Structures are given as structure tokens and as C-alpha cells.
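To keep things clear, I will list the structure first and then write my remarks on it.
Residue numbers (our numbering), protein chains in the order written: chain P, 12 to 516; chain U, 780 to 1286.
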């Protein structure tokens, strides 16, 4: 017990990989055993992070549950992990979504062993990003997460998976090149990668670096960081990999991709960009807000224009993540004020909320795709009477995505808008236009799938649509419960976020 | 007296080769078992050297000095430092896995293994030599069997051409380097009055000022070190595959039989880089400082150009061949920075690339042996038949891309850090290669191992043997271990680098 509580983060972080190793040695034909081992193994980190949540003291400044081990002394990097309110929220999201995604993949028949192993490795990669307090370790986990995702898309994806997976890989790796170079620059300058130390030293830096004034070096490094994270979020105009990757990925892959992987980019803004570049962030906040607004508006328009159900949901991620960036831009512009805190609270909460609703939406798309083998909106129609429970769940989740008051999306989007209105009035006003279209495309999706005349072949014969199964309902139940709880009583989680935000920004 | 472990390591393969040649050629199983026993023995000894090397003391260890030709100042002087100890281990690993992979060689296995072992002896000798003459001696021993191995057991279509090209390139390179080495020898002799090829004694003499002289070049006075550095460094760097003298290497890789390609790319190219470091940079530090921009430029061409060329290849083996050119460019890039980070990274990269490329060639060989083609468009779906090689290749591919958590990242990261300190712009340009590498590796993995397998493969692709699996697992294990725990090797390499920096600082 003592050991567990003093190594809580390491355990959460590495348990999935250890489980993947165990699965490696399971017999190939024991598909059922493999599935259940993976599911149970992914519940352990969830249990541990609930414990982490309970023991976490929100009022304390700085990082908690810190652990440090020697790693790569030659480049002065140590294995240093810890959590604060922001990362804790993201750790919770990750450990919650992974078991659900694994449960959602029980329908996978092909190469189950490899699939489950990749999923668990992916979990470790994502958790590592949220926990690292060492810039190099951050980068290590940042890149590691790419590999399992690439293979999940490439091996279990749909028709156009080769193109989509390579595009995903090259976009993200290309984006992180600048990050890598900037990280090396920091390491060369300070001989440390420890984040708390870097925050101080980098901000105190004056004079010239390599013959250039510090201000210009910082501006270049700032954009290197921003581009890397913007690609991951993804922010317009770097978003084009996302619809492809989402559309081709297997259902659970999309759930994690939208639910957690996109958050990595936003988290990079929170953990690295704002603390390391407060001056540049303030200076370029307008540019960031512009990108955010473009993502919101174009995301919504693009989503409205889709005929593929999954693509529609994919573009909605661009739209929703735009609000996260808008909140971040507003907070950067007015750092230290109450507006900044509200906007930032909203942004972090939006990350969590979008994780829930996007994962839910992608799962629901997957449910119907599994039965009909089409994602074309024109071929659906009138499915509500055929699958009333499914229809109800779809409407509920869509409403969360739309931002219906009483459900979680409303709370966070309202906070972002409330926080950024006084700071970035024009941008926020334009963003509201996007919000209007959010309503439009969500309703379009519901209408095309559930209402209107029934496409007869779904009602009879061999292609008859079947109702959502109990397993699938179990996947959705925790998500829906959280969506409702956070919509009515956001303080459950907002308290932790707010305390962290107030101390940090 | 301590156990003469380095002598034993160097001469074990040689002795084994002799024993093999005395065996009856038709007793193939006995021949293979003998070869494996010798390789295992060499691997264990090199592991012993690696793990008993005392990092806290640093410097040259396991030193042995014997007289050989005292009248010429030539001795058998062995010793390893933090840079060569990992390379000795690498040679042990590649030799062991090479024998495992070549179990199926059916055409004159006795001679095949004998030549392979002579080659291994030469390689061990270069890494352990502390005498300049000895280094040359074993360098040539390593190059010569290569010719026979490629010309006799190689790929029928290009083996004669490739063997000849390789041998000529390398001999010309080494002759040029030898001229430089002799100039150094005479300069030391004139200064101290003693004949010695012992590199440690030469270092001392150089520090005392033996090379502080001028060379008359068409009436212009050029400092001795500045004049001779290009000869020595480039002469050896040919074997390291430096641009524009790299093009023997992909041809050689492709034509060679599997185990020889493993040796060739895995160890032999390190020989060039290592000798360029030990003789070029360490004995002519001022020359290195003068010429470092040229080396930096050539090496960055290697890195970027090599990656692009690899991208457009359609022959599976050529892709790997050119990826070696690109990766060895990183080693040279690390050297040329002459910084602590860069040199440490280069040392790690030599080891990491050796293991990685040995694995690559092993897998290519396994695929080729079964599919009888290396044309990427004709391959596909191999993962279905060959799951171990597929996983091995994927892990190797990720190492090659510099994926964190694997040895490639551990090596490339310090190299790029070093380049940052020396020339930030070059770092930015060279980093393009990372994305290009990712692209071609991912494409190759997909085209060869996934997708639809051509129909004619159905039922024709046999499984790989247990020995092959052992080789793949061992190589993968090393790369993952080093990637997760860089401190297994980095501190050791650093001790070697400290010594080089001391020489550079004292220049």
C-alpha cells in the first residue's frame, strides 16, 4: 500500500504497458481472454486515478505526487513526473476513456491481440504527456503516442486508411520537428529540461542568443511550439489531417483520437506555451484568436457541408476545439485578470467536456456503421422508430455537443465566451456565428439519421437495423452520466481546474 | 598478469576460421555449430569487456602491449576506451546474429564462415588497436574478405561489379589515409628521434609540438595538421560512406549476402567512422578544427540527400542501403561539431545504427529468401507469413525514424544538440531528414509487410527458423533497452568523448 501510494503516478503511467506485455504472451486464439484482460487492465489505471483524484489537494500550489528518477544525464534530462489540477483532469479523462474505448472494440475480430496491445501502449503515451515535468520526457511521450495510433488506423481502419494514416503521421511528425529543434535550443542554453526550472530561467533570459536578440529567438521558438501544438489540436489551417484520420480510424481509435489525442495539443498550450512565453503569447494572442475563430466558423460550416456522418462529427471537433484555443488566447491576452481565469477555466473544462461528447458521438457513429456499413447520411433516414434507444442516446449526446444548457458543453462554452468577450470582443462575436452553425449541423445530423421517411431496406430483410446492444449501452452510460452531472453541477471538476488556473495564470 | 582479453577477442574469430578450414567441407552441421560456438564465445567476451569497463576511471583499459617489430616501432598494443568498447560489443552482437542468420547458407558454408570470421577479426582488431600500424593492418584484413564474400556468395546480377567497386574505393581510401599516417609517423620521428606507431606515444609527441611545422605547398606555407587532415580523415571516411564517396556502399550492401550486409552496414561502416575519429580527429585536432565546416557540410548532404534517395528506391535492399548513408551522415555530423553533445551522440549513433541496420538487412534477407524478389511493388502482405521479421522491421524502422523510447532517438538527440551549438542552420536543414525518413520507412513497412499479398506467395512463403527469431529478438531487445535506459551506454561514451575534447582543447 505504501509503495502504491508513493509511486502512484508511475503505476498509472506504466500499468498499461505492463498489461500489454502480459497480453503479448497470451495465446493467439484466446480472443475473449485477450479482450477481458485488456479491459480489466485498463480499469486499474482508472481506479488508481480516482484514488489520485481523491488524494489530490487542490489548494496547494505547484505539482503534487512528484517522482524523479535519473534517465539521460548526458543531455541533462531526468524522468520527472507530477500532476497539478490541469494535468489531473486530463489524466482522469484518459483513464476514463481508455476502458470505454476498449469495451467499444469488443467487436474487433481481426488481430485482437495486437489491437489491444497497441491501445494500452497508446494509453501510456498519452498519460506520459500529461504527467511529464521534464521537457524531453514530454517530447518522448508526445512522439510515442503517434506510433500505436498510426498502426490502429493503418491496420484496422476503413478503405482509405493508408493515405489517412500516413498523412496523420507525417503531419504530426513534421509539426513536432520545430518543437524538437526548439527543445534542443532550450537544452543547449540552460543545460536542463526540468520544466519548473525552465519556466524561471527562460523568462529571465536577456541579451542575445547565437547572435540574435533574445526577443526574436523567443518569437521564433514560440511559433515552433505553437505550430506543433496547433497541428495536434488541430487549429485551422492545420486541421486537414483530422477528418481523414477520423474517418478512416476504427471506432475506438476515433474515440481516443478525438477524446484525448486532440487534448494533447491544447495541453501543450497550457503547460508549455503560456508559461514559457507569456510575453509572446500576449503579443500574438490576436493571431491565436483569429485562428481559433476560423476553426470555429469554418469547422462548423465544413461540418454542415458533409454527407459522411463520421466526417461531420470529425469537423465538429475542429469547431469545438476552436473554443479551447479561443479561451487560451483570451487568457494569454489578459493574464492575471478575472476574465483570463474564467476563459481558461472554460477552456480546460471544454477540453474535458469535448472529450466526453466527441468520444460518445464517434462511438454512436461506429454503432450505426457496424450495422449498416455505410456512413452516408443520404442513405439513412427515419431510423428512430427502428432503434428508439439508440435514437434517444444519439439525441442526448448530440445535444451535449450542441451546447444545450443543462448539459456539459453549454457550461464550458459559456465560460469561454464570457471570459473572452471583454478581451477579444470582435473575435468572440464572430465565434458566436460559428456557434449558430453548430446548432445547424448537429440538427442536420439528427434529422438525416433519425427522422424523415424510413429507408425501407433498414426496416426489413437481411439489412434490418438492430437495436443498440447492452454492451454498447454500457459504453455510453458513464459518458452520458458525466455529461449530465457536469451540465448541472460543474463544480465537481471545475473546483480543481479553477484553483489550478488561478495559481498558474 | 591479467587475462589478455582483447587479444583473445581479436584472435578468436581468426583461430575459428583456421579450424573451420581444417574441417571437412561436407560436414556442414559441424561447421555451423563450430562457427556458432566461436561467435558465442566472442560475444560473451565482448559483453564482459563492455560490462567490466570502469567508467569512473575512464581512459584506455584492458591494455596489452607486446613487441612485434620493434625496429620499426611497431607493437601489438591493444586497449579500448569509452568509444571503442561499445563498438567491440556491437561487433560481437553482429557476429553472433550474423552466424544465426546464415545458418541456411548451403553453398560452401565452411569458406563462407571462415571469411566472415577473418572479417570479424579485422574489425575487432581495428576497434582495439592502439598502434597506428596495427590499425591499418587489421583495417585491410577487414576489407579484403569482403571482396570474396560478395563476389562468391553475393547477388548474381551485380556481385562482381559491386565487389570490385567496393574494394577499389576502400583500398584507394585507405592508401590515401596511409600516406597521411606515414607523414605523421615521420613528423613524430623527426621531432622525438624515436620510431613509433604507438598512438598514445604519438599523442604525447603531438602535444609536445611534433606537428607544429609547416608543409610547403606550391610555395605556400600550410600548417602540417591542416594539410594532412583531409587525407587521413577522408581516406577513412570513405568507408564511413561520406558524401560524395558513398556510392560504393549501397551497391555493396545490395550485392552482399545477408550476413555480410549485416556486417558491412552494421560494423564495417563504423570502422571507417571510428578510424576517421581516432586517427583523423584525435591525432590531428588542429586540422579537425580547421576543416570542420567542410565535414559538416558534406555530412549534412549525406543526411538529407541520403534520406531523399532512399525515399525513391524501389528495391527493398537499396532503401536500407541508402538509409545507412543517411544515418552514417549523422555520425559524421556529430564528429564535425567537435562538441561534447555531438561526439557523444555520434558514438551512440554508431552503436545504435549498427544494431538497427543489422536487423534491417537480416529481415530483408529473410524476405528475399522466401519471396525471391526485392522489388517493393511486387511484395506485400508479408506480415501474414513472417510476423517476427515484420515486428522486427517495424521496431528497426522506428529506431531509424528517431522515435523516442528507442535507441535512435537517444543517439540522434545529442547529435542535433551538438549541431545546434556549432551551426543552428544546419540543424534545421538536417532535421528535414527526420520527416523524410519517417515517410519512406512507413511506406516501406506498409508496402512490404501489409496490404494484399500477391497470390503467387500463397503457400510458398515458409516460416523462419528459431535461430532467426533469436537474432531478431536479441537485436530488438538491445535497441529497446538502450532507448529506455540511455544511461546504460551514454556515460561510457562520454568518458571517451572527454578524452577527445581534452586533445582538442590542448591543440
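Backbone N, C-alpha and C define an ideal beta-carbon position, used for all residues, glycine too. Since the structure is predicted, the reported quantities are computational estimates derived from the model, not experimental observations.
Check: Close Cβ partners of residue 14 of chain P (< 7 Å) along its chain, the five nearest in sequence each way excluded; Outcome: none
Check: C-alpha gap between residue 206 of chain P and residue 214 of chain P, whole angstroms; Outcome: 12 Å
Check: Where residue 1004 of chain U falls: helix, strand or coil (DSSP); Outcome: helix
Check: Rounded C-alpha distance that separates residue 859 of chain U from residue 784 of chain U; Outcome: 11 Å
Check: Closest residue to residue 458 of chain P among P:180, P:484, P:403 and P:272 (Cα-Cα distance); Outcome: P:403
Check: Member of U:946, U:1271, U:1118 and U:1246 whose CA lies at the smallest distance from the CA of residue 1280 of chain U; Outcome: U:1118
Check: Chain-ordered neighbours of residue 1184 of chain U on chain P, where CB pairs are closer than 7 Å; Outcome: 151 and 155
Check: Inter-residue spacing [alpha-carbon to alpha-carbon] between residue 296 of chain P and residue 328 of chain P; Outcome: 22 Å
Check: Cβ-Cβ distance between residue 875 of chain U and residue 932 of chain U below 8 Å; Outcome: no
Check: Exposure label - residue 845 of chain U; buried when at least 16 CB within 10 Å; Outcome: exposed
Check: Simplified DSSP state of residue 782 of chain U, which is helix, strand or coil; Outcome: coil
Check: Residue 1112 of chain U: first and last residue of the uninterrupted alpha helix (DSSP H) it sits in; Outcome: 1095 to 1116
Check: Top-ranked residue by Cα proximity to residue 795 of chain U, from U:786, U:813, U:806 and U:781; Outcome: U:813
Check: Three-state secondary structure assigned by DSSP to residue 260 of chain P; Outcome: coil
Check: Chain P contact for residue 1273 of chain U (CB, 8 Å cutoff); Outcome: yes
Check: Backbone CA spacing between residue 1002 of chain U and residue 1011 of chain U [nearest angstrom]; Outcome: 15 Å
Check: CB of residue 834 of chain U within 8 Å of CB of residue 1129 of chain U, strictly; Outcome: no
Check: Alpha carbon of residue 441 of chain P to alpha carbon of residue 57 of chain P, nearest angstrom; Outcome: 39 Å
Check: Opening and closing residue of the alpha helix (DSSP H) in which residue 1084 of chain U lies; Outcome: 1064 to 1091
Check: For residue 245 of chain P, three-class secondary structure by DSSP; Outcome: coil
Check: Residue 788 of chain U, buried or exposed, once every other Cβ within 10 Å from all chains shown has been counted against 16; Outcome: buried
Check: Cβ of residue 1128 of chain U within 8 Å of any chain P Cβ; Outcome: no
Check: Which listed residue (U:1181, U:1239, U:1110 and U:1066) has its alpha carbon closest to that of residue 1149 of chain U; Outcome: U:1239
Check: Residues near residue 1219 of chain U by beta carbon distance below 6 Å, same chain, minus five either side; Outcome: 1089 and 1090
Check: 8 Å Cβ cutoff, residue 1225 of chain U in contact with chain B; Outcome: Chain labels in this structure do not include chain B; the protein chains are P and U.
Check: Proximity test, Cβ basis, 8 Å: residue 177 of chain P and chain U; Outcome: yes
Check: According to DSSP, residues forming a beta bridge with residue 855 of chain U; Outcome: U:845
Check: Residue 1257 of chain U versus residue 1176 of chain U - alpha carbon distance; Outcome: 14 Å
Check: Spatial distance of residue 930 of chain U from residue 1141 of chain U (CA atoms); Outcome: 19 Å
Check: Selection from U:969, U:1083, U:1058 and U:1122 that minimises the alpha carbon distance to residue 1311 of chain U; Outcome: Because chain U is modelled from 780 through 1286, residue 1311 of chain U falls outside the range shown and cannot be assessed.
Check: Spatial distance of residue 802 of chain U from residue 820 of chain U (CA atoms); Outcome: 19 Å
Check: Start and end residues, alpha helix (DSSP H) containing residue 82 of chain P; Outcome: First-last for residue 82 of chain P: 75 to 83, but that is the beta strand (DSSP E), not the alpha helix (DSSP H).
Check: Rounded C-alpha distance that separates residue 1034 of chain U from residue 982 of chain U; Outcome: 40 Å
Check: Enclosing beta strand (DSSP E) for residue 995 of chain U [first to last residue]; Outcome: 993 to 996
Check: According to DSSP, residues forming a beta bridge with residue 88 of chain P; Outcome: P:83
Check: Short-range partners of chain U found in the region 181 to 203 of chain P, where Cβ spacing is below 8 Å; Outcome: 181, 184, 185, 188, 191, 192, 195, 196, 198 and 199
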